[in-house]
DNA sequence: CCGATCTTCATGACTTTTTCATGGTTTGTC
DNA sequence: GACAAACCATGAAAAAGTCATGAAGATCGG
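Protein chains in written order, with my numbering: chain A, 629 to 860; chain B, 629 to 860.
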């Protein structure tokens, strides 16, 4: 098992290559992105625990990307830049970054700051790939859910939805938050998507979908996953 | 209400004084300690959300104090030192510090780092999600209120109203203030909304809604929530 | 082309919010 | 005390919004 997943966001290929080597050598799983837009997409797919984010990037700048990512509390953000000015630091930190490192940086210091930041990520410590809750077994690796004897295959969106709900078990998760977590930041209003998928989710995990037990609706707010989640 | 409690740990009186002035000015509640031992004691009594910890101190050093404090995940630690070496930074961060600032530091940067670190402290996060008052339990996460055995579901407006009232418990909150807090700044005059919702609130939380005990009306002013609110 | 998945939409049942009319209460003035 | 004016509680109904559902179209990879 890796020490964690890290997403490197920088427009310079050379930096990405160096970072990848360094971090992989330190035991992390690494993916990279060239732009802020790409980073936001990979945030959903790769699910990093930490993002190393360059401030100076063409298109959506690092600060804008940082603000967009901050919506998810389950990821730490360390910003990087060549500008070692006080104003830059304050701006980055107030955009939601957890830490700030100026280039050129020393590798040991960067690694130490990464370790420190990862300690604070709530879920992290790598989410287990299989969990049990009540008579349910959800296998995120195999993309299946088993209730009693019957196993069902979960489609990608169903899986993402279920994952986010179980990660926030026993709290009412707002529509908007769910939509943004599963579909991306631009889809906060497409409540219909949610309803359609909640329906098919329930068909697969609930004993009788008319009176849901695990995925209940929280009227006017969103949905909620009920049950004591234990890794398995 | 303060922005948070901060404990300043440094053996030089002058630093403590400057820090206290700066942080108090930024809206924080401040206490200080001269030694690591004293800091550990104040950690229990003062319950700071964040500790500013000097590395160089006589007696128990800053690093040892940091390691001891790290047992409590509900406090952020920022270490300070004049030694701006890489080794010092790595050592501090691996001792459990969340961040590292070298002296002399810029005040805006320090404040920004404090804000960033406070975002990560789990508990603090201002208002608790569950409170008890008398025979009432209000769960803002689950959006329910429980009186004795009976639990009721709260609609969004009811919840917002109750939240604002409990946050200002034992004071008369004017109509206008309540309306603006719950409905928005343009609704200061819609006293009818208030009356309708106060009524349904009372139906859910009062034993007999005719003689309200928790939500009483403050004639000619507004409403008031009575009772000792304790987080739970 | 086929099948699986995702998106879009219309429908009726349901809940919350808004609006309003009624009658009772308090306050202040004569 | 009588009275008007402003306030308050209540119940009921209209308006607006939300939910589950089924089904049809769009998209994508093989």
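For each residue, glycine too, the CB sits at the ideal point set by N, CA and C.
Below-7 Å beta-carbon distance, residue 736 of chain A vs any chain B residue: yes
Own chain residues within Cβ distance below 8 Å of residue 776 of chain B, not counting five before or after: Closer than 8 Å at Cβ, skipping near neighbours: 763.
Three-pair Cβ contact test at 8 Å for the stretch 758-773 of chain A versus the stretch 727-734 of chain B: no
C-alpha gap between residue 697 of chain A and residue 838 of chain B, whole angstroms: Approximately 49 Å between the Cα atoms of the pair.
In chain order, each alpha helix (DSSP H) run of at least 4 residues that lies wholly inside the stretch 739-809 of chain B: 784-795
Where the stretch 711-735 of chain A meets chain B: residues whose CB sits under 7 Å from a CB there: 714, 717, 718, 721, 722, 725, 726, 727, 734
Chain B within 7 Å of residue 744 of chain A, Cβ atoms only: yes
Listed by chain order, chain B residues near residue 748 of chain A by CB distance under 7 Å: 726, 748
Chain A within 7 Å of residue 862 of chain B, Cβ atoms only: Nothing can be reported for residue 862 of chain B: it is not among the residues displayed for chain B, which extend from 629 to 860.
CA-to-CA distance, residue 675 of chain B to residue 633 of chain B, given in whole angstroms: Cα to Cα, residue 633 of chain B sits roughly 7 Å from residue 675 of chain B.
Whether residue 691 of chain A touches residue 740 of chain A by CB criterion (7 Å): no
Inter-residue spacing [alpha-carbon to alpha-carbon] between residue 828 of chain A and residue 843 of chain A: 11 Å
Residue environment, residue 645 of chain B, which counts as buried when at least 16 other CB atoms sit within 10 Å: exposed
Three-pair Cβ contact test at 8 Å for the stretch 705-723 of chain A versus the stretch 657-677 of chain A: no
Within chain B, partners of residue 634 of chain A - CB distance below 7 Å: By Cβ distance, chain B contributes nothing, its closest Cβ being about 16 Å from residue 634 of chain A, past 7 Å.
Chain B residues whose Cβ lies nearer than 9 Å to that of residue 799 of chain A: Proximity of chain B to residue 799 of chain A at the Cβ level (cut-off 9 Å) is accounted for by 757, 769, 770, in chain order.
Of the listed residues A/788, A/768, A/785, nearest to residue 779 of chain A (C-alpha basis): Measuring from the Cα of residue 779 of chain A, the nearest candidate turns out to be A/768.
Distance CB(residue 759 of chain A)-CB(residue 857 of chain A) smaller than 7 Å: yes
Proximal residues of chain B, C-beta to C-beta of residue 574 of chain A below 8 Å: Chain A is shown only over 629 to 860; residue 574 of chain A falls outside these bounds and no answer can be derived.
Contacts around residue 726 of chain B, its chain only, beta-carbon distance under 6 Å, and the 5 residues preceding and following it disregarded: Correct list, in chain order: 704, 705, 745.
Chain-ordered chain A contacts of residue 740 of chain B [CB-CB under 7 Å]: 717, 718, 721, 722
DSSP-derived helix/strand/coil call for residue 851 of chain B: In the displayed model, residue 851 of chain B falls within a strand according to three-state DSSP.
Residue 657 of chain A: contacting residues in chain B (beta-carbon distance under 9 Å): Residues of chain B passing the Cβ test: none, with the nearest at roughly 21 Å.
Residues that DSSP places opposite residue 633 of chain A in a beta bridge: A/657
Beta strand (DSSP E) segment containing residue 860 of chain A, residue limits: First-last for residue 860 of chain A: undefined, no H or E at that position.
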